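Colleague: Residue numbers (full-length UniProt numbering), protein chains in the order written: chain S, 1 to 208; chain V, 1 to 208; chain X, 1 to 208. By construction, the Cβ of each residue, glycine as well, lies at the ideal position given by its N, Cα and C atoms. Predicted, not measured: the structure shown is a model, and the values here were computed from it.
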């Protein structure tokens, strides 16, 4: 967190905790559907929740990775696995809220990843890529671990929403927008695009 | 090795060499079963033997990764591949010894990973996670490379044994136990849990 | 690039750009065959083109990874995806040229990876391994992302060609050959072995 003004590190910490918990739920639910045991549930929850940030930190060189320095991050991932173990039927029924939460997680992690990359001095394009990787990397590993083609490759307008939000963060950074405004705008754009795409079934063109 | 007192680095070196060779055998045997050629055998042996440690080193920031600094590590992985290429029938028949060796490798790598993470100043929970990743990461990559769901997710009480051993290492570290005692206790607990679980078919609860 | 004399960094930059574009094509073509959308095409192109170098940089500790510092690398990967989106039928028909280009990419990346590892002070065996990883890592991730067993494990004499070229680079380095001669010899050997193996259907022995 030393790359952020102290005032905002609190905000980022909360965003991270929430994003980790949400993505952890998605990993744990997949584990339940694949009939994995309690340990498998926690492994998939942790992978989905923390792998994106870990890849980001290894690629930009912020080591030990943030998930290793912040015990609360691991605790949040662990908690999501335990939550699903006991309440997966409840969560299964609440499909709409889960999709909403997943969109929020996508927005939060996009902003966290892009902002950190910019703070490490990366170029706009690289920062945007790191934002997308942070937001989508956990889900990719989650799906690969149960040998499914990652949802980010199958699902329309998922990573594209992250790329758009990351682009807005980069723009706000270049124009010196206030940091909280930039963060909210980036996350809001990502969430909005994702929700609109789900609602109206938007699709990206394929090669003919 | 510079993070360990010189006296113990010899011990750790031997543990690593043995663990790499054992896990290398598991990778090479899988390659033979999948009818891969000699090169594929060596690739899977190397992946199974060294990926766990490489992931650990990238996440904690000990670079170049130990497997790149110690030519003997690569030599050990290579040797396991060649061994299997020539003697895979012999090894196939010796199923019980191989399972025993795999349990030993699990214990050794758990202790090596957890200890190194503690030496790098990680928190107990993070050190334990790194221990599990070191012990299970190679097998995960091995299985993913032939598009199987990693054994650590399918097999009962595998990573849990590593987590328990890692926890004991963390405890010994906190209580200032002698380093060799801590190492033996951690590896012994991991091996014992793994062997008992196999012998009695212990299972971890699933979500209903 | 700061690990190379300024005179050669231009050469390496061009080699990298060409190699990234070629491997990007291979990733994008696979995405088209799997009926992924435009975004999936760009993701697979980027993964195939840059993952090998990113793994190399994370393992040797050159961070942020080169692909993050050089916007032109990302641009080249992006361009390959766009090329395939519009012209994939043309490329599909030109199977022979694509195989030739893939062999060239293999040679170029082997030399780039091995040379950089030597510049970072790695041992000959480790440098050779990094060369193979740089050349084959992108293709491995590309195939894993669509849950196929990586081509490098199925295809005869693919990574072996990279290992041979990397070995020659290590030899040239040890004997103080001129850097350009070493690079050309390493890339040429890799390309030649790969093309001869394809032309004559050379195979590597399997375990009986």
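Taking 9 angstroms as the CB-CB limit, is residue 178(V) close to chain X?
Modeller: Counted from its first residue, the second chain places residue 178(V) at position 178. Answer no: the Cβ-Cβ gap between residue 178(V) and chain X never drops below 9 angstroms.
Colleague: Any chance you could list the beta strand (DSSP E) runs of at least 3 consecutive residues sitting entirely within the UniProt domain "Glycine transporter" (100-173) of chain S, in chain order?
Modeller: List check, beta strand (DSSP E) in window: nothing returned.
Colleague: Is DSSP giving residue 203(S) helix, strand or coil here?
Modeller: The count along the first chain starts at 1 and reaches residue 203(S) at position 203. Coil.
Colleague: How would you list, in chain order, the residues of chain S whose beta-carbon sits under 7 angstroms from the beta-carbon of residue 61(V)?
Modeller: Position 61 of the second chain, counted from the first residue, corresponds to residue 61(V). Under the 7 angstroms cutoff, chain S gives 63, 64.
Colleague: By Cβ distance below 7 angstroms, which residues in the same chain neighbour residue 80(S) in space, the five residues on each side in sequence not counted?
Modeller: Translated into positions along the first chain, residue 80(S) becomes position 80. For residue 80(S), where only same-chain residues beyond five positions count, the Cβ hits under 7 angstroms are 21, 24, 25, 28, 45, 49.
Colleague: Given a limit of 8 angstroms on CB to CB distance, which residues of the region 70-84 of chain S reach chain V?
Modeller: If the cut-off is 8 angstroms between Cβ atoms, the region 70-84 of chain S has 71, 74, 75, 84 near chain V.
Colleague: How do the region 161-181 of chain S and the region 97-110 of chain S stand: do at least 3 beta-carbon pairs fall below 8 angstroms, yes or no?
Modeller: Result yes; three or more Cβ-Cβ pairs closer than 8 angstroms.
Colleague: Shortest alpha-carbon distance to residue 203(V) belongs to which of 111(V), 156(V), 181(V), 94(V)?
Modeller: Numbered from its first residue, the second chain carries residue 203(V) at position 203. Among 111(V), 156(V), 181(V), 94(V), the Cα nearest to that of residue 203(V) is on 156(V).
Colleague: When you compare the region 57-74 of chain X with the region 56-75 of chain S, are there three or more beta-carbon pairs, one atom per stretch, that lie closer than 8 angstroms?
Modeller: Counting Cβ pairs under 8 angstroms, three or more are found: they touch.
Colleague: I want to see whether chain X comes within less than 9 angstroms of residue 122(S), judged by CB atoms only; does it?
Modeller: In the first chain, the residue the question calls residue 122(S) occupies position 122. Closer than 9 angstroms to some Cβ of chain X, the Cβ of residue 122(S) qualifies, so yes.
Colleague: Please say whether residue 53(S) and residue 188(S) have beta carbons closer to each other than 9 angstroms?
Modeller: Position 188 of the first chain, counting from 1, holds the residue named residue 188(S). Position 53 of the first chain, counting from 1, holds the residue named residue 53(S). Cβ distance not < 9 angstroms, so residue 188(S) and residue 53(S) don't count as in contact.
Colleague: Please check the pair residue 37(V) and residue 205(X), which I expect to be a contact at CB under 8 angstroms, by giving their CB distance rounded to whole angstroms.
Modeller: In the second chain, counting from the first residue as 1, residue 37(V) sits at position 37. In the third chain, counting from the first residue as 1, residue 205(X) sits at position 205. Contact flag correct, Cβ pair sits at about 7 angstroms.
Colleague: For residue 124(V), which residues of its own chain have a beta-carbon under 6 angstroms away from its beta-carbon, when the five flanking residues on both sides are left out?
Modeller: Start at 1 with the first residue of the second chain, and residue 124(V) comes out as number 124. Closer than 6 angstroms at Cβ, skipping near neighbours: 170.
Colleague: Tell me the residue span of the alpha helix (DSSP H) that contains residue 89(X).
Modeller: As a position in the third chain, residue 89(X) is number 89, starting the count at 1. Looking at the DSSP string, the run of the alpha helix (DSSP H) that includes residue 89(X) is 71-93.
Colleague: So, at 6 angstroms on beta carbons, what are the nonlocal neighbours of residue 73(S) in its own chain, with the 5 sequence-adjacent residues on each side left out?
Modeller: Indexing the first chain from 1 puts residue 73(S) at position 73. Taken in chain order, the residues that qualify are 20, 67.
Colleague: Counting C-beta neighbours from all protein chains within 10 Å, is the total for residue 88(X) 16 or more, i.e. buried, or is it exposed?
Modeller: In the third chain, residue 88(X) corresponds to position 88, counting from 1. Counting Cβ neighbours within 10 Å, residue 88(X) comes out buried, since at least 16 surround it.
Colleague: To the nearest angstrom, how far is the alpha carbon of residue 1(X) from that of residue 142(X)?
Modeller: Position 1 of the third chain, counted from the start, is the residue given in the question as residue 1(X). Position 142 of the third chain, counted from the start, is the residue given in the question as residue 142(X). Confidence is the limiting factor: at residue 1(X) the pLDDT is only 43, short of 50, which leaves the residue's position unreliable, though a coordinate-based value still follows. Distance between the alpha carbons of residue 1(X) and residue 142(X): 26 angstroms.
Colleague: For residue 35(V), which three-state DSSP category applies?
Modeller: Here residue 35(V) corresponds to residue number 35 of the second chain, with the count starting at 1. In the structure shown, residue 35(V) sits in coil (DSSP, three-state: anything other than H, G, I, E or B).
Colleague: Residue 28(X) CB to nearest chain V CB: under 9 angstroms?
Modeller: Your numbering for residue 28(X) matches position 28 in the third chain. So no, residue 28(X) is outside the interface.
Colleague: Please name the residue in 33(X), 179(X), 192(X), 176(X) whose C-alpha comes closest to that of residue 159(X).
Modeller: Here residue 159(X) refers to the residue found at position 159 of the third chain. Of the listed residues, the one whose Cα sits closest to residue 159(X) is 192(X).
Colleague: Give every residue of the same chain whose Cβ lies closer than 7 angstroms to the Cβ of residue 32(S), excluding the five residues on either side of it in the sequence, and list them in chain order.
Modeller: On the first chain, position 32 is the one that residue 32(S) refers to. Excluding positions up to five away in sequence, the list reads 41, 84, 88.
Colleague: Would a check of beta-carbon distances place residue 144(X) closer than 9 angstroms to chain V?
Modeller: Here residue 144(X) is taken as the residue at index 144 of the third chain, counted from 1. True, the Cβ-Cβ gap to chain V drops below 9 angstroms.
Colleague: What do you get for residue 196(S), buried or exposed, if any count of 16 or more other CB atoms within 10 angstroms of its CB means buried?
Modeller: Taking the first residue of the first chain as position 1, residue 196(S) is located at position 196. Exposed, by the Cβ-count rule.
Colleague: Does the beta-carbon distance from residue 209(X) to residue 146(V) come in below 9 angstroms?
Modeller: Nothing about residue 209(X) can be reported from this structure: the residues present for chain X run from 1 to 208 only.
Colleague: Should residue 140(V) be flagged as near chain S, meaning a C-beta pair shorter than 9 angstroms?
Modeller: Taking the second chain and counting its residues from 1, the one referred to as residue 140(V) is at position 140. Taking Cβ atoms only, chain S reaches closer than 9 angstroms to residue 140(V), which makes this a yes.
Colleague: Do residue 110(V) and residue 135(V) have their C-beta atoms closer together than 9 angstroms?
Modeller: Counting from 1 along the second chain, the entry for residue 110(V) is found at position 110. Counting from 1 along the second chain, the entry for residue 135(V) is found at position 135. Taking 9 angstroms as the Cβ cut-off, residue 110(V) and residue 135(V) qualify as a contacting pair.
Colleague: Within this structure, are the beta carbons of residue 117(V) and residue 131(V) separated by less than 9 angstroms?
Modeller: Residue numbering aside, residue 117(V) sits at position 117 when the second chain is read from its first letter. Residue numbering aside, residue 131(V) sits at position 131 when the second chain is read from its first letter. Yes, Cβ-Cβ distance for residue 117(V) and residue 131(V) is below 9 angstroms.
Colleague: Could you check if residue 172(S) is buried or exposed, using at least 16 other CB atoms within 10 Å of its CB as the buried criterion?
Modeller: For the purposes of this step, residue 172(S) is identified with residue 172 of the first chain, where counting begins at 1. Residue 172(S) is buried by the Cβ-count criterion.
Colleague: Quick one: grab the DSSP three-state call for residue 186(V).
Modeller: Residue 186(V) sits at position 186 when you count from the first residue of the second chain. Correct three-state label for residue 186(V): helix.
Colleague: Identify the contact partners of residue 44(V) in chain S, using a Cβ-Cβ distance below 8 angstroms as the criterion.
Modeller: Locating residue 44(V) in the second chain gives position 44, where the first residue counts as 1. Chain S residues near residue 44(V): none, gap ~16 angstroms exceeds 8 angstroms.
Colleague: Look at the Cβ atom of residue 30(S), then the Cβ atom of residue 183(S), and state whether they are nearer than 9 angstroms.
Modeller: Position 30 of the first chain, counting from 1, holds the residue named residue 30(S). Position 183 of the first chain, counting from 1, holds the residue named residue 183(S). No, the pair does not count as a contact, with Cβ atoms beyond the cut-off.
Colleague: Between residue 127(X) and residue 113(X), what straight-line distance do the alpha-carbon atoms span, to the nearest angstrom?
Modeller: If you number the third chain from 1, residue 127(X) lands on position 127. If you number the third chain from 1, residue 113(X) lands on position 113. If I take the Cα positions, the gap works out to 8 angstroms.
Colleague: Which chain V residues sit within Cβ distance under 8 angstroms of residue 160(X)?
Modeller: Position 160 of the third chain holds residue 160(X). The contacting residues are 39.
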